[in-house]
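Below is one structure, written out as structure tokens; the observations come after it.
Residue numbers (the working numbering), protein chains in the order written: chain W, 255 to 563; chain G, 44 to 418.
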């Protein structure tokens, strides 16, 4: 044994032979161009325009930031803050439900039942998003089965529908699988021998969770958080069905400008503001988490390692 | 680390231990006493229950029957983190998100060792396995042998009374493995910790152990020193599993004062034995290749332990010639003879196979661990 035996070489993927390999990227490039960059560019362009008359949706013969000023109305801001609240709380609740659920699926459930449990998580996804949400509106309505049962038991009729509480419930229900799946994948990949090693080295179950399980499944939590938070911020079906006037969200306002108001310029400006806000919130949250884990690892480790392997 | 050893080495006792998976007993009625400070191997083929036994000592499995004692303390259903043992896992199980130093520090952190002391003890543990210069690396940046040494340091830094090793060398190539065997034995001697070492490699067990527990199908076949299990195998299984053997089947035809006569299809074998045998018993006789002699020419007289054969193969293994002879019925007998003894080496000529009665082990007929011999 010598200390000099070399570390395992890092495997680098070798380049495909020939110089035409980049051709394989063309379909992706075309797809991105047609369905992302082009529409996105149009929205940015429209956001600098205006609605010239009652029959036109947008005109760009005069460019201004006027639509942005118009979009940042007190009404918009009020609904934006409500949306942010619903999205943050919804993501946190989904995470709190999804993590134990995913842990149970990946660790506790015997392997032969895992396929079935996974299918059960996914089954609601095979029915239409709108239909599922409408189902909740039936269930939650003041004259619905739940309310009737409550009244039969001597209670008040249910007054949940058309509040932001109903929207909160609806979004958690609708986005939960998107949180469960990436966490499940991360926990499923976790080598159970690492947990045994931790126990062997004197850590009880709780400390093993904080020091080993959670750090190693963090990428799954991050992926789940993004998958839930980003589309949730722009959701307009759930609040439209369950929220009424008291539970409306920003996505509805954007959609309303494009459809009912036929004001594409204002709608575009709102959409851009929403995107910037989502990006900003995500970046701030990411920085906070990074800072916290860095501080924590400074405190508990001899050699803090930055980034991820 | 020896000056600050916290936990003195402890003995390990398995008392009537049994572990069942479904209807099958993985370990059955196992009784084993391991002296403090000894290097003991649990040796056997895969599925013999050796790893299950180790896991019961570590607390990862609880016995369905019997009890595990470390020192004088009954472990009962004590979880792994409360037992005075540490484990080197088969695949090392290093934490991928922690540096080498933090992997080693993990157990000390869990015991809330002050940080000043922590760094010092981690450094000494890494020195012990000569990995200090790798303290800042990630496990994924280390070779297999380096990972193995980090796993050793991570366990030993906690100064356990007993160190459990679950086939720690199985992922290493042969040369590195041989180096690590010597290293590990020296380390164990230096630290005086009780080592319980699981392996399926008999060479590894013979090289390193003070005592070997040979296991098969959940049962203990023999427990003894390397020379005891090698020279005096208690069962046919042990005889076949440890080292090479030539096995012949036959029937006892007579008992003399000093041994038994066995009629085999290949010839009459005389074996020195004090086993309680009687005429007519079906038995197997086993002869190690290094006790077999090969003489030129055909046997001159009908004498026991003289078998007619034809030389079929000669290969040179270091200082030894391995000769393969074939009896008229096609049975192959292997002999390992020093080159200096200059045995006949011309192929396809008649030879006489011979051995001394004292070289023959005799066992009741039954399945053996290995096919009689490898050519």
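No residue lacks a Cβ here, since even glycine has one placed at the ideal position from N, Cα and C.
All values reported here derive from a predicted model rather than from experimental measurement.
1. Where residue 417(G) and residue 380(G) are concerned, what is the direct C-alpha to C-alpha distance, given to the nearest angstrom?
2. Below 8 Å between beta carbons is the criterion; list the residues of the stretch 432-461 of chain W that meet it against any residue of chain G, in chain order.
3. Starting from residue 76(G), follow its DSSP beta bridges and name the residues at the other end.
4. Per DSSP, which residues does residue 238(G) bridge with? Please list them.
5. What are the residues of the stretch 353-381 of chain W that lie near chain G, defined by any Cβ-Cβ distance shorter than 8 Å?
6. Report the neighbours of residue 554(W) on chain G: residues whose CB is nearer than 8 Å to its CB, in chain order.
7. Quick check: the stretch 53-64 of chain G against the stretch 97-105 of chain G, are there 3 or more CB pairs under 8 Å?
8. When the Cα of residue 247(G) is compared with those of 285(G), 315(G), 61(G) and 92(G), which residue comes out closest?
9. Could you check if residue 545(W) is buried or exposed, using at least 16 other CB atoms within 10 Å of its CB as the buried criterion?
10. Report the start-end ranges of each beta strand (DSSP E) in the stretch 305-380 of chain G that is 3 residues or longer and not cut off at the edges.
11. Taking 8 Å as the cut-off, does the stretch 428-441 of chain W touch the stretch 367-383 of chain W (at least 3 CB pairs, one atom from each stretch)?
12. Compare the C-beta of residue 204(G) against all C-beta atoms of chain W and say whether one is closer than 9 Å.
13. Do residue 207(G) and residue 129(G) count as a contact pair if the criterion is CB distance below 9 Å?
14. Would you say residue 544(W) lies against chain G (beta-carbon separation less than 9 Å)?
15. Alpha carbon to alpha carbon, how far is residue 278(G) from residue 344(G)? Give it in angstroms, no decimals.
16. Please identify, using Cβ separations under 8 Å, the residues of the stretch 200-232 of chain G that lie next to chain W, in order along the chain.
17. What are the boundary residues of the beta strand (DSSP E) that residue 290(G) is part of?
18. Reducing DSSP to helix, strand and coil, say where residue 403(W) ends up.
19. Going along the chain, which residues of the stretch 471-493 of chain W sit with their C-beta nearer than 8 Å to a C-beta in chain G?
20. Taking only runs that begin and end inside the stretch 417-457 of chain W, name each unbroken alpha helix (DSSP H) of 4 or more residues, in chain order.
21. Can the beta-carbon of residue 496(W) be found less than 9 Å from the beta-carbon of residue 401(W)?
22. Report buried or exposed for residue 424(W), applying the criterion of at least 16 other Cβ atoms within 10 angstroms of its Cβ.
23. Would you decide whether residue 211(G) is buried or exposed? Buried here means 16 or more other CB atoms lie within 10 Å of its CB.
24. In whole angstroms, what is the alpha-carbon distance linking residue 412(W) and residue 507(W)?
25. Once DSSP output is grouped into helix, strand and coil, what is the label at residue 548(W)?
26. First and last residue of the alpha helix (DSSP H) that includes residue 393(G)?
27. Against chain B, does residue 550(W) count as a neighbour if the rule is that its beta carbon must be under 9 Å from one of theirs?
28. Do residue 172(G) and residue 52(G) have their beta-carbon atoms positioned less than 9 Å apart in this structure?
29. Kindly give me the distance between the Cβ atoms of residue 182(G) and residue 193(G), rounded to whole angstroms, as I take these residues to be in contact under 8 Å.
30. Which same chain residues end up closer than 6 Å to residue 262(G) when comparing Cβ atoms and leaving out the 5 residues on each side of it in sequence?
31. Taking any Cβ of chain W, which residues in the stretch 99-119 of chain G have a Cβ under 9 Å from it, in chain order?
32. What are the boundary residues of the beta strand (DSSP E) that includes residue 114(G)?
33. Quick one, which of 320(W), 468(W), 415(W) and 512(W) has its alpha-carbon nearest residue 525(W)'s?
34. Quick check: the stretch 513-532 of chain W against the stretch 284-304 of chain W, are at least 3 beta-carbon pairs closer than 8 Å?
35. Whose C-alpha, out of 109(G), 348(G), 346(G) and 339(G), is nearest the C-alpha of residue 366(G)?
36. Can you tell me which of the three DSSP states residue 62(G) falls into?
Checking against the coordinates, here is how it stands:
1. Unreliable placement is indicated for residue 417(G), whose pLDDT of 37 sits below 50; the coordinate value is still reported in the next sentence. Rounded to whole angstroms, residue 417(G) and residue 380(G) show a C-alpha spacing of 16 Å.
2. Cβ contacts with chain G: 445, 447, 448, 450, 451, 452, 453, 454, 455, 456, 457, 458 and 461.
3. Bridge partners of residue 76(G): 56(G).
4. Bridge partners of residue 238(G) according to DSSP: 82(G) and 206(G).
5. Taking 8 Å as the upper bound on Cβ-Cβ separation, chain G lies near no residue of the stretch 353-381 of chain W.
6. In chain order: 152.
7. Pairwise C-beta distances place the stretch 53-64 of chain G in contact with the stretch 97-105 of chain G, as three or more of them are shorter than 8 Å.
8. For residue 247(G), the nearest C-alpha among the options comes from 285(G).
9. Classification for residue 545(W): exposed.
10. If we require 3 residues or more, the beta strand (DSSP E) runs fully inside the stretch 305-380 of chain G come out as 310-315, 325-330, 336-339, 349-360 and 363-369.
11. Verdict: yes, contact present.
12. Output row for residue 204(G): interface = no.
13. Their beta carbons are under 9 Å apart, which means residue 129(G) touches residue 207(G) by this criterion.
14. By this cut-off, residue 544(W) is not an interface position.
15. Cα to Cα, residue 344(G) sits roughly 32 Å from residue 278(G).
16. Taking a C-beta cut-off of 8 Å against chain W, the contacting residues of the stretch 200-232 of chain G are 201, 219, 222, 223 and 226, listed in chain order.
17. Start and end: 289-298.
18. Of the three classes helix, strand and coil, the one that applies to residue 403(W) here is helix, per DSSP.
19. The residues in question: there are none.
20. Here the runs fully enclosed are 418-443 and 446-454.
21. Cβ atoms of residue 496(W) and residue 401(W): not closer than 9 Å.
22. Buried is the call here.
23. By the 16-neighbour rule on beta-carbons within 10 angstroms, residue 211(G) is buried.
24. In this structure, the CA atom of residue 412(W) is about 27 Å from the CA atom of residue 507(W).
25. Helix, per DSSP.
26. Element bounds for residue 393(G): not the alpha helix (DSSP H) but the beta strand (DSSP E), 393-397.
27. As a matter of chain content, chain B is missing from the structure shown, whose protein chains are W and G.
28. Not closer than 9 Å, so no.
29. Contact flag correct, Cβ pair sits at about 7 Å.
30. If we look at residue 262(G) and ignore the five residues flanking it on each side, its Cβ neighbours are 71.
31. From the stretch 99-119 of chain G, only 101, 102 and 103 have a Cβ closer than 9 Å to chain W.
32. For residue 114(G), no beta strand (DSSP E) segment is defined, and its DSSP state is neither H nor E.
33. Among 320(W), 468(W), 415(W) and 512(W), the Cα nearest to that of residue 525(W) belongs to 512(W).
34. At 8 Å Cβ cutoff, the stretches touch.
35. Considering only 109(G), 348(G), 346(G) and 339(G), the residue with the shortest C-alpha distance to residue 366(G) is 339(G).
36. Note: residue 62(G) maps to strand in three-state DSSP.
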